[in-house]
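Have a look at the structure below, then the notes.
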Amino acid sequence: MSAPRRPSDPSGLERYYVLTRGRSGPGGAAAGLDVATLVVSRPGPVPGLQHEHEEIVRRCREPLSVAELGAHLGLPFNILAVLLSDLLDAGRIEARDPIPAHVAGRGPDLALLEEVLSGLQRL
Amino acid sequence: MDFKGFDRPGRQGGGDIRSVKVMIAGGFGTGKTTMVRSVSDIRPLTTEETLTQASAGVDDLIGVADKSQTTVSLDFGKIGLNDSLMLYLFGTPGQERFWFLWNGLFKGALGAVVLVDTRRLASSFRAIEEMERQQVPFVIALNVFPDSKDFPAEEIRDALDIPAHIPVVSFDARDRASSRDVLVALIRHLKERSAVAVEPR
């Protein structure tokens, strides 16, 4: 499994099947992953991981969004989410969801909006 | 073992970086990707979602016989707002019928900009309806194309049936400052909206 053959299936489905070991969607902690979720790896040795897992851990030493990871690795969101879920379960990465403008029960986050506004005005 | 990229071992590596997201919606060819490109700090990237069995219940796709896999793309860019806050901009797929795919595409977004080409107003009807249905706060941005007729924003507002409290602004998606101003208009709208409504949902 560590060195999957170049897929002969041009659609990539075979490759995805190998990568995810046949799983079609993430479970557990990764079920709520968003394209703007930031992924950051926890420090530690990478040997022994499946190639793609290792690649994710390496690229996320600085926080990177799920969308950026997908673009860099050439993996669709749902396939990447399966791999991220493995790494989350193994404690190799942390995932931080985007901050919404409203948190249920807490009302609008005016400080956040103000911070976004002043950042934009500095551009 | 290898702590490159971390100032200190532990979980400090970019530990306080946060993200927010804004969606750029609108009909096909209204300039979504152009806008993302002009304001982004990075070269815009594309991320993909693969549609497989999920198509079973979708009429539109039944006709696309035997295609076992359909890929929809999302162009995106990012803006570093300060040392610890990143704004991600996502252009929605042109085919609105695929929006359902994006698990929480609009969930957690601060809001959306709906781009409108004044020469083809109808192409953005669906995007506007979708924002209303999903209760995503939005502003309307009229992308002024070189051969666009000079419509007063209020005329467009009427034609699109946009309520008075939602800003309608004109801009040029190719221009960074102009695109930035649209984002500023959205955030100001969100602030006003927050001040008016105690809890909109």
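Chains as they are written, first to last, in the numbering used here: chain Y, 37 to 159; chain C, 85 to 285.
Just so it is clear, CB atoms sit at the ideal spot from N, CA and C, and this is done for glycine as well.
Exclusion of the five residues before and after C:S122 leaves A257, R258, D259, R260 and S263 as the residues of its chain whose Cβ lies within less than 7 Å of its Cβ. Taking a Cβ-Cβ cut-off of 8 Å, the neighbours of C:R272 in chain Y comprise L153, given in sequence order. Y:A107 belongs to the set of residues whose beta carbon lies under 7 Å from a beta carbon in chain C. Residue environment for C:N227: buried (at least 16 other C-beta atoms within 10 angstroms of its C-beta). Excluding its 5 nearest sequence neighbours in each direction, Y:P99 has C-beta neighbours in its own chain below 6 Å: L74 and V76, listed in chain order. Listed by position along chain Y, the residues whose Cβ is nearer than 9 Å to that of C:N166 are E151, S154, G155 and R158.
In the DSSP secondary-structure assignment, C:N227 is bridged to C:D201 and C:F255.
Taking C-beta atoms as the reference points, C:I101 and C:M119 fail to come closer than 7 Å. By the beta-carbon neighbour count (other beta carbons within 10 angstroms, threshold 16), C:V280 is exposed. In this structure, DSSP gives C:S278 a helical state, which the three-state scheme calls helix.
Note on C:K233: under 16 other CB atoms within 10 angstroms of its CB, so exposed under the neighbour-count rule. Per the DSSP secondary-structure output, C:T131 pairs in a beta bridge with C:L158.
DSSP places Y:F113 within a helical segment (H, G or I) once states are collapsed to three. Less than 7 Å divides the Cβ of C:A225 from the Cβ of C:L199. The beta carbon of C:L274 sits closer than 8 Å to the beta carbons of L194, G195 and P221 from its chain, once the five residues preceding and following it are set aside; these are given in chain order. Annotation: the continuous alpha helix (DSSP H) that includes C:F209 extends over F209 to R217. Below the 9 Å Cβ cutoff, chain Y contributes no neighbours of C:L199, its closest Cβ being approximately 18 Å away. The residue among C:P247, C:R272 and C:F255 with its C-alpha nearest the C-alpha of C:I212 is C:P247. When DSSP states are grouped into helix, strand and coil, C:G175 belongs to the strand group. The continuous beta strand (DSSP E) containing C:G110 extends over residues R102 to G110. Sorting C:F255, C:R272, C:V106 and C:R277 by C-alpha distance to the C-alpha of C:T176 places C:V106 at the top. For chain C, the residues of the segment 118–133 of chain Y that bring a beta carbon within less than 8 Å of one of its beta carbons are E130, R132 and D133, in chain order.
Assignment of Y:V54 by DSSP, reduced to helix, strand and coil, places it in the helix class.
For Y:E104, the chain C residues whose Cβ falls inside 7 Å of its Cβ are L129, in order along the chain. For the pair C:P230 and Y:L119, the Cα-to-Cα distance works out to about 46 Å. Against chain Y, the CB of C:R258 has no partner CB under 7 Å away; the residue lies outside that interface.
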